[in-house]
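A.B. asks: There's a structure below that I have some questions on.
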Amino acid sequence: MRIDVVSIFPEYLAPLELSLIGKARQDGILDLHVHDLRSFTTDRHRTVDDTPYGGGAGMVMKPEPWSQALTAVAEARPGHQGKPVLIVPSPAGERFTQAMAHELAGEEHLAFACGRYEGIDERVIEWAGDHFDVRPVSLGDYVLNGGEVAVLAMVEAVGRLLPGVVGNPESLVEESHSDGLLEYPVYTKPAVWRDREVPAILLSGNHGKIAQWRRHEQFRRTSERRPDLLEAFDAGKLPRADRSAL
Ligand SMILES: COC(=O)c1cc2cc(CO)sc2[nH]1
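Per this note's numbering, the sequence shown starts with residue 50, numbered consecutively.
So this is what it looks like as structure tokens:
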């Protein structure tokens with residue numbers, strides 16, 4: 050997978066050189082390029098923003114530098130078929146979910162446009178539709194100062210799903226949201242820690258009972274912390290008898 054990120058703060062993406070994502074880049078699994086939007090300006094001051102039409106506080110990102118940067122990105126991999134996906138982090142975007150992470154992990158080429166200020170001139174989003182599958186995306190119902198932190202999160206969420214990135218692919222199966230529920234609690238040695246014992250079932254060696262206990266805990270946690278997920282969950286997957294534990 051190729052990933053291109055455009056930002057006025059390219060150094061914000063430095064953490065993507067670390068840990069599993071950094072190793073994926075060294076291993077050639079992930080081909081990540083970060084571009085400074087200002088290198089696509091033509092004026093002496095390398096201007097990327099201006100005042101908003103219609104008034105209001107703050108500044109808006111000018112369209113021309115973005116069109117230059119995104120054209121360069123779209124042309125970066127002429128060999129590959131189809132339009133790259135352009136993710137535009139935005140508080141007004143569709144919600145980023147694990148399902149979307151899985152969907153994006155199947156793409157050949159992802160591009161991320163990191164807005165700052167009050168956002169990017171809307172005409173860029175419209176224009177980009179000729180070159181990209183444009184997806185405004187939000188990490189959640191809160192507002193950051195720019196798209197970079199959202200991109201760090203999304204690149205990690207997507208990158209870790211690529212084959213060869215995490216050591217044991219099994220660990221991707223039983224994690225929160227992989228089956229629509231929150232994950233069960235985990236424990237390790239010592240068996241007793243500060244007078245707190247590990248649930249006895251986990252020491253029983255009875256793998257059927259352990260699996261049942263873990264499933265109960267998934268439903269209990271989801272019911273307590275994210276009832277919205279439970280409503281969305283396909284009730285037919287859990288026999289009624291198991292719900293009695295909730
Ligand atoms: C959860 O917040 C976000 O995903 C988010 C993305 C962006 C982009 C901004 C600059 O236009 S502010 C902002 N917040």
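We treat Cβ as the ideally placed atom computed from N, Cα and C, and that holds for glycine.
Predicted model only: the values in this text are computed from it and were never measured.
Find the nearest neighbour of residue 130 within the set 180, 106, 112, 167, judged by alpha-carbon distance.
C.D. replies: Per the Cα distances, 180.
A.B. asks: Report the CB separation of residue 64 from residue 201 in whole angstroms; it is logged as a contact under 8 Å.
C.D. replies: Between residue 201 and residue 64 the Cβ distance is about 6 Å, and since that is below 8 Å, they are a contact.
A.B. asks: Ignore the nearest five residues each way along the sequence and tell me which others in residue 97's own chain have a CB closer than 7 Å to its CB.
C.D. replies: Correct list, in chain order: 57, 86, 87, 90, 110, 111, 114.
A.B. asks: In or out: residue 248 buried (at least 16 other Cβ within 10 Å) or exposed?
C.D. replies: It is exposed - the Cβ of residue 248 has fewer than 16 other Cβ atoms within 10 Å.
A.B. asks: Tell me the rounded alpha-carbon separation between residue 163 and residue 189.
C.D. replies: Each residue's Cα considered, the two are about 16 Å apart.
A.B. asks: Under 7 Å: does the beta carbon of residue 101 sit that close to some heavy atom of ligand 1?
C.D. replies: Because no heavy atom of ligand 1 lies under 7 Å away, the Cβ of residue 101 does not count as near it: no.
A.B. asks: Looking at the structure shown, is residue 197 part of a helix, part of a strand, or coil, going by DSSP?
C.D. replies: The answer is helix: DSSP assigns residue 197 an H, G or I state.
A.B. asks: Cβ of residue 233 within 8 Å of Cβ of residue 266?
C.D. replies: Contact flag set, yes.
A.B. asks: Please work out which residues of its chain come closer than 6 Å, Cβ to Cβ, to residue 136, disregarding the five sequence neighbours upstream and downstream, and give them in chain order.
C.D. replies: Same-chain partners within the cutoff: 161, 184, 186.
A.B. asks: With DSSP as the reference, identify every bridge partner of residue 187, one or two as the case may be.
C.D. replies: Residue 187 pairs with 144.
A.B. asks: Hey, residue 53 and residue 122: beta-carbon distance below 8 Å or not?
C.D. replies: Taking 8 Å as the Cβ cut-off, residue 53 and residue 122 qualify as a contacting pair.
A.B. asks: Any chance you could list the alpha helix (DSSP H) runs of at least 4 consecutive residues sitting entirely within the segment 66-96, in chain order?
C.D. replies: Counting whole runs of 4 or more residues, the segment 66-96 contains the alpha helix (DSSP H) stretches 68-75.
A.B. asks: Going by DSSP, which residues form a beta bridge with residue 138?
C.D. replies: Paired residues: 186.
A.B. asks: Would the beta-carbon of residue 210 be found less than 7 Å away from any heavy atom of ligand 1?
C.D. replies: Incorrect: residue 210 has no Cβ contact closer than 7 Å to ligand 1.
A.B. asks: What separation, rounded to the nearest whole angstrom, lies between the Cα atoms of residue 84 and residue 119?
C.D. replies: Approximately 10 Å, taken between the alpha carbons.
A.B. asks: Compare the C-alpha of residue 166 against each of 108, 270, 279, 272 and name the closest.
C.D. replies: The option with the nearest alpha carbon to residue 166 is 108.
A.B. asks: DSSP on residue 244, reduced to helix/strand/coil?
C.D. replies: Here residue 244 sits in coil by DSSP.
A.B. asks: So does residue 165 have its beta carbon nearer than 7 Å to some heavy atom of ligand 1?
C.D. replies: Yes, since a heavy atom of ligand 1 falls inside the 7 Å radius drawn around the Cβ of residue 165.
A.B. asks: Using the beta-carbon count (16 or more within 10 Å), is residue 273 buried or exposed?
C.D. replies: Flag for residue 273 reads exposed.
A.B. asks: Please state if the CB of residue 69 and the CB of residue 214 are separated by a distance shorter than 8 Å.
C.D. replies: Yes.
A.B. asks: Roughly how many whole angstroms lie between the Cα atoms of residue 169 and residue 268?
C.D. replies: Each residue's Cα considered, the two are about 41 Å apart.
A.B. asks: Taking the CB atoms as reference points, tell me whether residue 126 and residue 51 lie closer together than 8 Å.
C.D. replies: Result yes, Cβ atoms of residue 126 and residue 51 sit closer than 8 Å.
A.B. asks: Between 193, 250, 145, 175, which has its C-alpha nearest residue 207's C-alpha?
C.D. replies: Nearest option by C-alpha distance: 145.
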